[in-house]
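J.:
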Amino acid sequence: MYLSNHANLTAGPLHRSVNRTNHAQPLKARQANTQTGKTKPIKAVRLIILITILTLVFLSGAIVHAYAALDPVSVKGAQSTDTSNMQADDVQPTYVVVYSGDTLWSIATEHASAQIDKRTYIKKIMALNHLTSTVVMEGQRLQLP
Numbered sequence: 001m002y003l004s005n006h007a008n009l010t011a012g013p014l015h016r017s018v019n020r021t022n023h024a025q026p027l028k029a030r031q032a033n034t035q036t037g038k039t040k041p042i043k044a045v046r047l048i049i050l051i052t053i054l055t056l057v058f059l060s061g062a063i064v065h066a067y068a069a070l071d072p073v074s075v076k077g078a079q080s081t082d083t084s085n086m087q088a089d090d091v092q093p094t095y096v097v098v099y100s101g102d103t104l105w106s107i108a109t110e111h112a113s114a115q116i117d118k119r120t121y122i123k124k125i126m127a128l129n130h131l132t133s134t135v136v137m138e139g140q141r142l143q144l145p
């Protein structure tokens, strides 16, 4: 009896077969099947969301900066009405409208006298008009010293 049982055990495979179809694929292929389908779309969506947010932040900053430079009304509204800056002669101030291609340097060259340094004249224009940079926009109205 012992021999017959022993013969039956050795006649078959020495180990149990475990779902051989799954082991037919290489390990990397199995991992790709389980991981690729789940993580790549999530990473792509995260990347798209990040790029969209960064683009919106950049564009909103650019729009705010552009409109801040185009708003001479708020600058004029902020001017003080102090009469200590008025000239004793009661001379009406001179204004100039900025046209396309005009710069503070070209305005200073056109309106400043030969004895006055153009850089000083530009600084006076900036102070009179409460400008924080030398950038002027077309249609802007500037008071001249």
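Here UniProt numbering is used: the first residue of the sequence shown is 1, the next is one more, and so on. We put the CB at the ideal spot given by N, CA and C, even for glycine. Quick caveat: nothing in here was measured; it's all calculated off a predicted structure.
When the Cα atoms are used, what is the spatial distance from Ala112 to Tyr121?
T.: One C-alpha to the other measures close to 7 Å.
J.: Give the straight-line distance between the Cα atoms of Lys40 and Ile48, rounded to the nearest whole angstrom.
T.: Straight across, the Cα-Cα distance linking Lys40 with Ile48 is about 12 Å.
J.: Rounded to whole angstroms, how far is the Cβ of Leu144 from the Cβ of Ile125, which I believe are closer than 8 Å?
T.: 6 Å
J.: Round the Cβ separation of Ser106 and Glu138 to the nearest angstrom and send it over; I've been treating them as touching at under 8 Å.
T.: Between Ser106 and Glu138 the beta-carbon gap is near 13 Å, outside 8 Å, which marks them as no contact.
J.: What are the start and end residues of the alpha helix (DSSP H) that includes Thr94?
T.: Counting along the chain, Thr94 falls outside any alpha helix (DSSP H), though it belongs to the beta strand (DSSP E) covering 94 to 97.
J.: Taking only runs that begin and end inside the UniProt domain "LysM" (94 to 144), name each unbroken alpha helix (DSSP H) of 4 or more residues, in chain order.
T.: 104 to 111, 118 to 128
J.: DSSP on Val91, reduced to helix/strand/coil?
T.: coil
J.: How close, in whole Å, do the beta carbons of Thr109 and Val136 come, if the pair is a contact with beta carbons under 8 Å?
T.: The pair is not a contact, with the Cβ atoms about 14 Å apart (cut-off 8 Å).
J.: When you compare the CB positions of Leu142 and Val98, do they come within less than 8 Å of one another, or not?
T.: yes
J.: Is Leu131 buried or exposed, if buried means 16 or more other CB atoms sit within 10 Å of its CB?
T.: buried
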